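In the numbering used here, the protein residues as written are 14 to 407. Note that CB positions come from ideal geometry on N, CA and C, so glycine has one too. Note that this is a predicted model, so its numbers are computed, not measured. A quick write-up on the structure given underneath.
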Ligand code: FEO
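Listed below in structure tokens is the structure:
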């Protein structure tokens, strides 16, 4: 399947309807691996796809140009969802010059061997004339790998920024005006929260750089999900806000429970917060997952994490969440911890320590109760909810 997204510019990617786990990121709506083909005096393929779909990519490209007549393959990013069918493509498109960033060359050799010694490297500002069209390259190191770069089609004003501005959303539709706007923004936020969040300052700087360079953008064609053609500024604006940690009057309560005590605590905390008019998102980890939790945290001002103590430490699902959250470094949140224990406490202390080490702002003290919360304990939980709600309402 292919789609002409602008005159002689084609989407030749594939839709992965069934992927549900993208290296730990839960992708409930599947994904796509977008590749693009530009037909001009010279032809250029921008990125490839995950190797399991390589045959489909070859078919899509071959419908437009004989593979041995392909002139260029641009590698915007070496992560394997975009490059693992490159070796197969390079073998068949034997006259194509492969182009990537300097660090992309190293990564290609490290992934696929010394055959990739021959690739041509480009840096920010370099241009490639295809005929009536010009490709301009913009390095985007650590957005989100060292090798990442954006390709811009000057005459069509189309930005192909690879992973940036993407979403894991499998659909037969290709454009923002063809899909449900709410679903689209939800998936864009989930993608940002679970991949780009720790890189917020770099994202903000790169957006600033593009804006200051006065590069007009009429379409953003990322490497996952749909293409922004109706209103590309919508996703640029959303990224600008997420990058500086803009959050709402909202609290995320992320927890798990063994025999229901930590669940009772979470519910009482939620009631306290709601009594102050603050929105609360309840995320019990075995009914939800780390991916959804991080998406809610992206726009929350406070995060309350609850764990029962198991074997003197954190309950495993909550421990996994804490490791995930520390890595993604959400900005400007208030963190607080709670949970139940039997004969020896430990989970609350351990979680608070992890958060402090990560540089998070921790609301002290946390709240730990023995075995099952009684009315007095539940009142303390309610009050913690009230207190945190007041802080996020300031
Ligand atoms: Fe979609 Fe960083 O790969």
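1. Between residue 319 and residue 351, which are expected to be in contact by the criterion C-beta below 8 angstroms, what is the C-beta distance as a whole number of angstroms?
2. Where residue 412 and residue 178 are concerned, what is the direct C-alpha to C-alpha distance, given to the nearest angstrom?
3. Indicate whether the contact test is met: 3 or more Cβ pairs, each with one atom in the stretch 237 to 255 and one in the stretch 169 to 188, closer than 8 angstroms.
4. Determine the DSSP secondary structure at residue 62, reduced to helix, strand or coil.
5. Indicate whether the contact test is met: 3 or more Cβ pairs, each with one atom in the stretch 295 to 302 and one in the stretch 261 to 280, closer than 8 angstroms.
6. Does any heavy atom of the ligand ZN sit closer than 7 angstroms to the C-beta of residue 236?
7. Can you tell me which residues form a DSSP beta bridge with residue 163?
8. I'd like to know if the stretch 96 to 114 and the stretch 153 to 165 are in contact, where contact means that at least 3 CB-CB pairs between them fall below 8 angstroms.
9. Report the residue from 209, 133, 18 and 120 whose alpha carbon sits nearest the alpha carbon of residue 169.
10. Could you tell me if residue 98 is buried or exposed, where buried requires 16 or more neighbouring beta carbons within 10 angstroms of its beta carbon?
11. Could you tell me whether the stretch 61 to 73 touches the stretch 144 to 155, where touching means 3 or more Cβ pairs closer than 8 angstroms?
12. In terms of alpha-carbon separation, which member of 84, 335 and 29 lies closest to residue 54?
13. Report the three-state DSSP secondary structure of residue 213 (helix, strand or coil).
14. Taking Cβ positions, are residue 256 and residue 300 nearer each other than 8 angstroms?
15. Looking at the structure shown, is residue 204 part of a helix, part of a strand, or coil, going by DSSP?
16. Could you check what DSSP says for residue 290 in three-state terms: helix, strand or coil?
17. Measure the C-alpha to C-alpha separation of residue 224 and residue 250 and round it to an integer number of angstroms.
18. Output the distance between the C-alpha atoms of residue 148 and residue 209, rounded to the nearest integer angstrom.
19. Pick from 260, 229, 332 and 276: whose alpha carbon is nearest that of residue 405?
20. Span of the beta strand (DSSP E) holding residue 110?
21. Check each candidate in 399, 290, 87 and 198 and name the one with the smallest Cα separation from residue 117.
22. If we require 3 or more residues per run, which beta strand (DSSP E) segments fall completely within the stretch 243 to 322?
23. Contact check, residue 143 vs residue 57 under 8 angstroms by CB: the rounded distance?
24. Taking DSSP's pairing of strands, which residues face residue 326 in a bridge?
25. Straight-line CA distance for residue 400 to residue 286?
26. Can you tell me whether residue 72 is buried or exposed, with buried defined as 16 or more other CB within 10 angstroms of its CB?
27. With distance defined between alpha-carbon atoms, name the residue in 103, 91 and 332 nearest to residue 131.
28. For the stretch 70 to 130, list the alpha helix (DSSP H) runs that are entirely contained and at least 4 residues long, ordered along the chain.
29. Kindly list the residues whose CB is nearer than 7 angstroms to the CB of residue 31, restricted to its own chain and excluding five residues on each side of it in sequence; keep chain order.
30. Report buried or exposed for residue 346, applying the criterion of at least 16 other Cβ atoms within 10 angstroms of its Cβ.
31. So the beta strand (DSSP E) residue 373 belongs to, where does it begin and stop?
32. For the beta strand (DSSP E) containing residue 171, name the first residue and the last one.
33. Using the beta carbon as the reference atom, which residues fall closer than 5 angstroms to any heavy atom of the ligand FEO, ordered along the chain?
34. Which residue from 215, 189 and 246 puts its Cα closest to that of residue 228?
Working from what's here:
1. Your numbering for residue 319 matches position 306 in the chain shown. Your numbering for residue 351 matches position 338 in the chain shown. Yes, they are in contact, since the Cβ atoms of residue 319 and residue 351 sit about 5 angstroms apart, within 8 angstroms.
2. The chain is shown only over 14 to 407; residue 412 falls outside these bounds and no answer can be derived.
3. They touch, by the three-pair rule.
4. Within the chain shown, residue 62 is the residue found at index 49, counting from 1. Secondary structure of residue 62 (DSSP, three-state): coil.
5. For the pair of segments examined, the stretch 295 to 302 was found to touch the stretch 261 to 280: the number of CB pairs separated by less than 8 angstroms reaches three.
6. By its list of ligands, the structure shown excludes the ligand ZN, since it contains just the ligand FEO.
7. The residue given as residue 163 occupies position 150 in the chain shown. BP columns for residue 163 point to 151.
8. These segments touch.
9. Counted from its first residue, the chain shown places residue 169 at position 156. Residue 18 is the option with its Cα nearest to residue 169.
10. Taking the chain shown and counting its residues from 1, the one referred to as residue 98 is at position 85. By the neighbour-count rule (16 or more Cβ atoms within 10 Å), residue 98 is buried.
11. Flag = no, the stretch 61 to 73 and the stretch 144 to 155 do not touch.
12. Position 41 of the chain shown, counting from 1, holds the residue named residue 54. Minimum Cα distance to residue 54 is reached at 84.
13. As a position in the chain shown, residue 213 is number 200, starting the count at 1. Here residue 213 sits in helix by DSSP.
14. To locate residue 256, count along the chain shown from 1; it is residue 243. To locate residue 300, count along the chain shown from 1; it is residue 287. Cβ distance not < 8 angstroms, so residue 256 and residue 300 don't count as in contact.
15. Indexing the chain shown from 1 puts residue 204 at position 191. Residue 204 falls in the helix class under three-state DSSP.
16. Mapped onto the chain shown, residue 290 falls at position 277. Reduced to three states, the DSSP call for residue 290 is coil.
17. Residue mapping note: residue 224 aligns to position 211 of the chain shown, counting from 1. Residue mapping note: residue 250 aligns to position 237 of the chain shown, counting from 1. If I take the Cα positions, the gap works out to 11 angstroms.
18. Translated into the one-based positions of the chain shown, residue 148 becomes position 135. Translated into the one-based positions of the chain shown, residue 209 becomes position 196. Cα-Cα distance, rounded: 25 angstroms.
19. Against the chain shown, residue 405 aligns to sequence position 392. With distances taken between Cα atoms, residue 405 lies closest to 260.
20. Indexing the chain shown from 1 puts residue 110 at position 97. Residue 110 -> beta strand (DSSP E) spans 110 to 114.
21. For the purposes of this step, residue 117 is taken as the residue at position 104 of the chain shown. Of 399, 290, 87 and 198, the residue nearest in Cα terms is 87.
22. Fully contained in the stretch 243 to 322 are the following beta strand (DSSP E) runs of length 3 or more, in chain order: 263 to 268, 292 to 297 and 315 to 319.
23. As a first step, residue 143 is located in the chain shown; it is residue number 130 there, counting from the start. As a first step, residue 57 is located in the chain shown; it is residue number 44 there, counting from the start. About 6 angstroms separates the two Cβ atoms, so the contact holds.
24. Here residue 326 is taken as the residue at index 313 of the chain shown, counted from 1. In DSSP, residue 326 forms a bridge with 323.
25. For the purposes of this step, residue 400 is taken as residue 387 along the chain shown, with counting starting at 1. For the purposes of this step, residue 286 is taken as residue 273 along the chain shown, with counting starting at 1. When rounded, the distance between both Cα atoms is 8 angstroms.
26. Locating residue 72 in the chain shown gives position 59, where the first residue counts as 1. By the neighbour-count rule (16 or more Cβ atoms within 10 Å), residue 72 is not buried but exposed.
27. Along the chain shown, read from residue 1 onward, the residue named residue 131 stands at position 118. If we check each option's Cα against that of residue 131, 103 comes out closest.
28. If we require 4 residues or more, the alpha helix (DSSP H) runs fully inside the stretch 70 to 130 come out as 93 to 96, 99 to 105 and 115 to 125.
29. Locating residue 31 in the chain shown gives position 18, where the first residue counts as 1. These residues qualify, in order along the chain: 43.
30. Start at 1 with the first residue of the chain shown, and residue 346 comes out as number 333. Of the residues assessed, residue 346 falls on the buried side of the cut-off, its CB having 16 or more other CB atoms within 10 angstroms.
31. Locating residue 373 in the chain shown gives position 360, where the first residue counts as 1. In the DSSP assignment, residue 373 falls outside any beta strand (DSSP E), carrying neither H nor E.
32. Working through the chain shown from its first residue, we reach residue 171 at position 158. For residue 171, the enclosing beta strand (DSSP E) starts and ends at 171 to 173.
33. Per the Cβ criterion, the list is 92, 94 and 176.
34. Here residue 228 refers to the residue found at position 215 of the chain shown. When only C-alpha atoms are compared, the closest one is 246.
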